[in-house]
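Undergrad: Numbering (the working numbering), first residue to last: 1 to 358. We put the beta carbon where it would ideally sit given N, CA and C, even for glycine. The model shown is predicted, which means the values in this text are computed figures rather than measured ones.
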Amino acid sequence: MTDRPPPPDNILDYAPPAARISRLARIAFYLSLVSVFTFVFILPGLIALILAIIADDRIKKHSTRLTGRNYTYAAGILGACTCLFGFLMLCMPSIGSPRDLADRSSCAANLRGILSSMTIYAAQNSDQFPVVTYAPYSPALNSPTAAATATTANDVIHSYYTAPYPQAGSVTANIWILVPQGISPKLLICKSDPYITGPAQILDPTGRYYDNFQNDKQLSYSFAYPWKADGSVGKWWADTSDASVPVASDMAPQQGTGKPARILNPASTPRNPQTWNSGNHGGDGQNVAFGDVHVDYVKTPTVGHMNDNIWTTSGYTSTGPAEFDGLPAIKASPNLTADKAPYDIIMFPIRNLDTGHL
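1. Does the region 192–205 come close enough to the region 237–246 to have 3 or more Cβ pairs within less than 8 angstroms?
2. Within the continuous alpha helix (DSSP H) that includes PHE29, where are the two ends?
3. Need the endpoints of the beta strand (DSSP E) that THR149 sits in, please.
4. Rounded to whole angstroms, what's the CA-CA distance from GLY76 to ASN174? Just pull it up for me.
5. Verify whether the separation of the beta carbon atoms of ARG58 and LEU24 is less than 8 angstroms.
6. Quick check on the burial criterion: 16 or more other C-beta atoms within 10 angstroms. Buried or exposed for ARG20?
7. Using DSSP bridges, identify the partner residues of ASN287.
8. Taking ARG351 as the reference, give the member of VAL247, THR72, ASP216, PRO266 with the closest Cα.
9. Taking the DSSP output, what are the residues bridged to VAL233?
10. What distance in whole Å lies between the Cβ atoms of GLY258 and GLY279, which are believed to be in contact at a cut-off of 8 angstroms?
11. For SER268, I'd like the list of residues in its chain whose CB is within less than 8 angstroms of its CB, leaving aside the five on either flank, ordered along the chain.
12. For ALA52 and ASP103, what's the separation of their Cα atoms in angstroms?
13. Excluding sequence positions up to five away, which residues of its chain have a Cβ less than 6 angstroms from the Cβ of GLN274?
14. Give the secondary structure of ILE95 by DSSP, where H, G and I count as helix, E and B as strand, and everything else as coil.
15. Could you give the first and the last residue of the continuous alpha helix (DSSP H) run that contains ASP44?
16. Please confirm if the region 302–315 is in contact with the region 335–350, defined as three or more CB-CB distances below 8 angstroms between the two stretches.
17. Taking the beta strand (DSSP E) that VAL247 belongs to, which residues open and close that run?
18. Checking 8 angstroms against the spacing of the C-beta atoms, do GLN181 and PRO199 come in under that value?
19. Can you check whether the CB of TYR71 is closer than 8 angstroms to the CB of ARG26?
20. Below 8 angstroms on the Cβ atoms is my guess for PHE213 versus PRO144; work out the distance and round it to an integer in Å.
21. Grouping DSSP H, G and I as helix and E and B as strand, with all else coil, what is PHE213?
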């Protein structure tokens, strides 16, 4: 009878099998990696955290057969962090959801597109942005009224400067000038504007051209009031490529409207920034477009020269920029006088945040 060869020195016949890495620990770890990229949904991180806890408990109970606590530890940390961050994203308006951020970016892109069109217009019109005839008494200053009488786009433009000047003094008609020349009315709508009903129409059912927005819920943006008190066009309403001059913004709010009620001329920075922000974007802030066609998302309206508040003037006769106090925009013409910078910019039209009307 032949003797059996002895086993290697380091292995015994009765040695238990080597411990294996827990499959559940691996699953928890890989799911936690996925949760890093999907943290806004919270659930993947939560499941990864729960699986990590279960897997770690099993490894403790069967330590001779299972390993992988490094996986459960990493999965637990990543799962807990992604859950926490996702929860904060949902609970903090200042951070906002991915949808809010996407809408904000889309809104900013619209403003850049509008400013680009204004710049192209200015290049063909002595560097001046589009503007109709001055008329401070006009009721069209804030809320648009449209007529459809022109048979061609050129006839629309011609009507603005021909008696009886049907859109004289209309800040919305200033921007509508761009529409018959090719800008899409959809570009004038922000997805974060809760009051919009749909884009304006260019033609009426008979095929004639409108000369303004047909109602006050077809525009999401406000623009720098262009006229000085003497009826001349202010130098800020021109293509100067000045990165410090606010030219357009999310729709300006009306004093005393909205929830919380807007107080646009506080004596100091308010504790709740919503009380002086646009109604777009849930009151979190507003996109503001500047003369060099860049757009900033800002948390306060004090973004003009010397921290000028773009919702107010320094007084009925403007004496220059004002950060606090000042006079909020009303549905009447402001009295602007500046011939050179620093400018006192004020945005029109303004929206009643209780009714949604301009």
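TA: Put simply:
1. no
2. Position 29 of the sequence shown holds residue 29. 23–37 is the span of the alpha helix (DSSP H), which, as asked, contains PHE29.
3. Translated into positions along the sequence shown, residue 149 becomes position 149. Looking at the DSSP string, the run of the beta strand (DSSP E) that includes THR149 is 148–150.
4. One-based indexing of the sequence shown puts residue 76 at position 76. One-based indexing of the sequence shown puts residue 174 at position 174. Those two C-alpha atoms are separated by around 58 angstroms.
5. Translated into the one-based positions of the sequence shown, residue 58 becomes position 58. Translated into the one-based positions of the sequence shown, residue 24 becomes position 24. Yes, they are a contact pair.
6. Locating residue 20 in the sequence shown gives position 20, counting from the first residue. Burial call: exposed.
7. Your numbering for residue 287 matches position 287 in the sequence shown. Its beta-bridge partners are TYR297.
8. The residue labelled residue 351 in the question sits at position 351 within the sequence shown. Nearest C-alpha to ARG351: ASP216.
9. Start at 1 with the first residue of the sequence shown, and residue 233 comes out as number 233. Note: VAL233 sits in a beta bridge opposite TRP227.
10. In the sequence shown, counting from the first residue as 1, residue 279 sits at position 279. In the sequence shown, counting from the first residue as 1, residue 258 sits at position 258. Correct: roughly 6 angstroms between the Cβ atoms.
11. Here residue 268 corresponds to residue number 268 of the sequence shown, with the count starting at 1. So the qualifying residues of the chain are PHE324.
12. The sequence position of residue 52 within the sequence shown is 52, counting from 1. The sequence position of residue 103 within the sequence shown is 103, counting from 1. Spanning the two alpha carbons is a distance of roughly 36 angstroms.
13. Reading the sequence shown from its first residue, position 274 is the one you call residue 274. Result list for GLN274: PRO260, GLY283, in chain order.
14. Residue 95 sits at position 95 when you count from the first residue of the sequence shown. Residue placement at ILE95 is flagged as unreliable, the pLDDT there being 47, under the threshold of 50; the coordinate-derived value follows with that caveat. Here ILE95 sits in coil by DSSP.
15. Sequence index remark: in the sequence shown, residue 44 carries index 44 (1-based). Note on identity: in this sequence residue 44 is Pro, with Asp being the wrong assignment. First-last of the alpha helix (DSSP H) with PRO44: 43–61.
16. yes
17. Taking the first residue of the sequence shown as position 1, residue 247 is located at position 247. Looking at the DSSP string, the run of the beta strand (DSSP E) that includes VAL247 is 246–250.
18. The sequence position of residue 181 within the sequence shown is 181, counting from 1. The sequence position of residue 199 within the sequence shown is 199, counting from 1. Their beta carbons are not under 8 angstroms apart, which means GLN181 does not touch PRO199 by this criterion.
19. On the sequence shown, residue 26 is found 26 positions in, with the first residue counted as 1. On the sequence shown, residue 71 is found 71 positions in, with the first residue counted as 1. Cβ atoms of ARG26 and TYR71: closer than 8 angstroms.
20. Taking the first residue of the sequence shown as 1, we reach residue 213 at position 213. Taking the first residue of the sequence shown as 1, we reach residue 144 at position 144. Right, their Cβ atoms sit about 4 angstroms apart.
21. By 1-based counting over the sequence shown, the position of residue 213 is 213. PHE213 falls in the coil class under three-state DSSP.
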